[in-house]
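In the working numbering, the protein residues as written are 135 to 549. Report on one structure; see the data block that follows.
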């Protein structure tokens, strides 16, 4: 009896293993293990949770609770949990949490988008995605719950009314518990509710309204408790209204979007031209030209189904809210790969899903090989090049010294 191997599942597993290995290698050779100030805070909070997990004193509970005003409870709790069950330090556990949620996201995408999920997941070979996966940040779990919510909405008619309301409500709560900006998706659900009311889908509109109301009550109580505990809704002063020029704001937005859509490498906008960035961008433009040139093979309009529409609604609701926040509050973080990741990654996945749609196999056949090549090139480019080159030079120096020693020794013997 022959063992039947599912090629597409195998390829998806290979993509995940490659990302896991490359990420682990990047973290291992990075000077500080891909830890930003926020990463260090997450790990510190996870350490406190781990140490005080079994303590029931009021002072301990209040201290941990106060910390969760600044950093939502989700990510550090996951780190602490993994650390407890594996006995690994929180630093290593934070990297495991990211890879676990990435694996869950891949499984979800396979269930939702089918056999070509491996092709769609090549989008995680981009510079921005690899950076986000490598850092101890909450973005990967955050993305998993975003896609979970999108999946639930796209399959809304398959659930009973009560089950649908519970799933949507829990998804909204979990998104919020990993990042406060997850409140953006409460706006997305409000848009969906309005759309259902306009189309006279009163049952679905009511279900989503109940789910949104319950999730909003939870988020409001959480934020109000923060206010009582620390004096601020999110634990500290995060934003302030100030003056910024339209030119400076537009420049920052344009640079951020250019970097995010430059798949293989970021441009750091220094005086010296980044020749590698320019070369990779030219290759990407050639790739885009190929996909446009073969448009005659497309069988479906881009907005052909609810899947793509929902993903784009999620992506652009997030981007629009971000633009407004950054326009009003000058101290919001700059437009970088971390801030824009929930926008661009959703767009990339929507695009690759469209290209790999089963009903336009000819278009996929014409374009896929070029996309695969470019994404593998992106992965290679984002290896820790300086470390690898340093090791190669080091081995060459050692080999040279060893050769000179052997030559000298042989010369002495012969003499």
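We treat Cβ as the ideally placed atom computed from N, Cα and C, and that holds for glycine.
Quick one, are the C-beta atoms of residue i and residue j less than 8 Å apart?
| i | j | result |
| --- | --- | --- |
| residue 386 | residue 469 | yes |
| residue 203 | residue 360 | yes |
| residue 484 | residue 446 | yes |
| residue 455 | residue 321 | yes |
| residue 268 | residue 157 | yes |
| residue 432 | residue 497 | yes |
| residue 251 | residue 259 | no |
| residue 150 | residue 237 | yes |
| residue 273 | residue 482 | no |
| residue 414 | residue 515 | yes |
| residue 132 | residue 152 | No information on residue 132 is available, as it lies outside the stretch 135 to 549 that the chain covers here. |
| residue 276 | residue 225 | no |
| residue 327 | residue 337 | no |
| residue 493 | residue 434 | yes |
| residue 179 | residue 210 | yes |
| residue 490 | residue 254 | yes |
Buried or exposed: which applies to residue i, given that a residue is buried once 16 or more other Cβ atoms fall within 10 Å of its Cβ?
| i | result |
| --- | --- |
| residue 227 | buried |
| residue 397 | buried |
| residue 144 | exposed |
| residue 403 | exposed |
| residue 512 | buried |
| residue 148 | exposed |
| residue 232 | buried |
| residue 528 | exposed |
| residue 244 | buried |
| residue 486 | buried |
| residue 177 | buried |
| residue 170 | exposed |
| residue 229 | buried |
| residue 520 | exposed |
| residue 283 | buried |
| residue 347 | exposed |
Can you name the start and end residues of the alpha helix (DSSP H) that residue i belongs to?
| i | result |
| --- | --- |
| residue 389 | 380-395 |
| residue 368 | Here residue 368 belongs to no alpha helix (DSSP H), and DSSP marks it neither H nor E. |
| residue 172 | 171-185 |
| residue 470 | Counting along the chain, residue 470 falls outside any alpha helix (DSSP H), and DSSP gives it neither H nor E. |
| residue 441 | 440-462 |
| residue 155 | 141-163 |
| residue 496 | 495-515 |
| residue 330 | 318-332 |
| residue 303 | 295-312 |
| residue 269 | No alpha helix (DSSP H) contains residue 269, which DSSP labels as neither H nor E. |
| residue 240 | 224-247 |
| residue 432 | No alpha helix (DSSP H) holds residue 432; DSSP gives it neither H nor E. |
| residue 215 | 208-220 |
| residue 406 | From DSSP, residue 406 is part of no alpha helix (DSSP H); its letter is neither H nor E. |
| residue 253 | 251-254 |
Mind reading off the beta-carbon distance from residue i to residue j? Whole number of angstroms is fine, and I expect it under 8 Å.
| i | j | result |
| --- | --- | --- |
| residue 285 | residue 234 | Contact flag wrong, Cβ pair sits at about 18 Å. |
| residue 554 | residue 314 | For residue 554 there is no data in the structure shown, the boundaries of the chain being 135 and 549. |
| residue 504 | residue 421 | 5 Å |
| residue 471 | residue 290 | Their Cβ separation, rounded to whole angstroms, is 32 Å, which puts residue 471 and residue 290 out of contact at 8 Å. |
| residue 441 | residue 288 | 5 Å |
| residue 310 | residue 345 | Not really, about 13 Å apart at Cβ, beyond 8 Å. |
| residue 424 | residue 501 | 6 Å |
| residue 295 | residue 341 | 5 Å |
| residue 261 | residue 399 | 5 Å |
| residue 257 | residue 279 | The Cβ separation is near 18 Å, so there is no contact. |
| residue 429 | residue 437 | Going by Cβ atoms, the distance from residue 429 to residue 437 rounds to 15 Å, so no, they are not a contact pair. |
Using a Cβ-based criterion (distance less than 7 Å to any ligand heavy atom), does residue i qualify as near the ligand GTP?
| i | result |
| --- | --- |
| residue 403 | The ligand GTP is not part of the structure shown, which contains no ligands of any sort. |
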